[in-house]
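Before any comments, here is the structure.
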Amino acid sequence: MEYVLTTEALCKQYKKSKALDELCMHIPKGAIYGFVGKNGAGKTTLIRMICGLSKPTAGSYTLYETDSEAKEIVTVRKNIGAVVETPALSLDMTAEENMRQQYRILGLSSFDGIKELLALVGLENTGKKKVKAFSLGMKQRLGIAMALAGEPDFLVLDEPTNGLDPQGIIELRELILKLNHEKGITFLISSHILDELSRIATHYGIINHGKMIKEFSAQELEKECGKYINIRAEISDADALTRALDDLGIRYEIISEKEKSLENYFISLVGGEDNA
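The sequence shown begins at 1190 in my numbering and counts up by one.
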């Protein structure tokens, strides 16, 4: 399998605390990788590191099979687009003006492609409207458009649905799926909204106290989180419930049907505290 990102025993030490503790991670090319962990688990530390904003204390990582210590890593990072925490937008500019500014920062030779990118994220008709008048969802989509400048094929989104209303979350979800399916873009998405993440992710990594607890695919999650039912049976022998009730002719009533979710599975792995 081809991987966009792998990490090997990656560590980041801040004085007396470890933000990352021998983290091992594998993001397949073309995946939508849901990165799940509580506040302070190490998610943003990892994201900042692969974007070149921080260096590991120990261990290593590779981007497109290029080692993080290699000189070529600077060039390879141009394949990454990132929106870390909140998009860096100029509020008194229009969407197109923000895009032009981003093109200049990246040193791109022309503004070709800006209109196409704005159309891709659904902002082609914002005209002279200033970004300060945009909804949070529009700002997030503009941030993604800016991250797409330079045509990266790996997008890193840190808590992209924070503060969005339900409509904004739906629009962002549809955009991520569109970019993944139509453009083949690989995503690393850090999020604490687990129900929403489970709608789009193809792979997951659960991190706790800087350690990777478990990595698994959406198919493996589905097997772990199958549906189950609560049954109230008119029977004195509880062991009989292990038998085929219909074959025994026992009267029973299905009280409710429940489904184990990604959130339930996450809590079972790392504990029941705040799962942000």
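For glycine and all other residues, C-beta sits at the position ideal for the given N, C-alpha and C.
* Using three-state DSSP, classify residue 1338 as helix, strand or coil. => Numbered from its first residue, the sequence shown carries residue 1338 at position 149. Residue 1338 falls in the coil class under three-state DSSP.
* Asked: So the alpha helix (DSSP H) residue 1357 belongs to, where does it begin and stop?
  -> Against the sequence shown, residue 1357 aligns to sequence position 168. Here the alpha helix (DSSP H) through residue 1357 covers 1355–1372.
* Asked: Candidates 1456, 1353, 1398: which alpha carbon is nearest residue 1208's?
  -> Taking the first residue of the sequence shown as 1, we reach residue 1208 at position 19. For the residues 1456, 1353, 1398, the minimum Cα distance to residue 1208 belongs to 1398.
* To do: Grab the span of the alpha helix (DSSP H) containing residue 1262 for me, first residue to last.
  => Counting from 1 along the sequence shown, the entry for residue 1262 is found at position 73. Residue 1262 -> alpha helix (DSSP H) spans 1262–1265.
* To which residues of the same chain is residue 1295 closer than 8 Å at the C-beta, ignoring the five residues directly before and after it? -> Stepping through the sequence shown from its first residue, residue 1295 is reached at position 106. Cβ neighbours of residue 1295 beyond the five flanking positions: 1338, 1339.
* residue 1333 by DSSP, collapsed to three states: which one? -> Here the question's residue 1333 lines up with position 144 in the sequence shown. Secondary structure of residue 1333 (DSSP, three-state): helix.
* **Reference residue 1317; option with closest CA among 1278, 1190, 1247, 1284** => Here residue 1317 is taken as the residue at index 128 of the sequence shown, counted from 1. Considering only alpha carbons, the answer is 1284.
* Grab the span of the beta strand (DSSP E) containing residue 1457 for me, first residue to last. => In the sequence shown, the residue the question calls residue 1457 occupies position 268. Here residue 1457 belongs to no beta strand (DSSP E); instead the alpha helix (DSSP H) covers 1451–1459.
* To do: Quickly, what does DSSP pair residue 1202 with across the bridge? List them, please.
  => For the purposes of this step, residue 1202 is identified with residue 13 of the sequence shown, where counting begins at 1. Beta-bridge pairing links residue 1202 to 1207.
* Between residue 1218 and residue 1192, is the Cβ-Cβ spacing less than 8 Å? -> In the sequence shown, residue 1218 corresponds to position 29, counting from 1. In the sequence shown, residue 1192 corresponds to position 3, counting from 1. With contacts defined by Cβ atoms closer than 8 Å, residue 1218 and residue 1192 form a contacting pair.
* Taking 8 Å as the cut-off, decide whether the C-beta atoms of residue 1458 and residue 1402 are in contact. => Along the sequence shown, one-based indexing puts residue 1458 at 269. Along the sequence shown, one-based indexing puts residue 1402 at 213. Yes, they are a contact pair.
* Verify whether the separation of the beta carbon atoms of residue 1387 and residue 1347 is less than 8 Å. => As a working note, residue 1387 is residue 198 in the sequence shown. As a working note, residue 1347 is residue 158 in the sequence shown. No, these two residues do not count as a Cβ contact at 8 Å.
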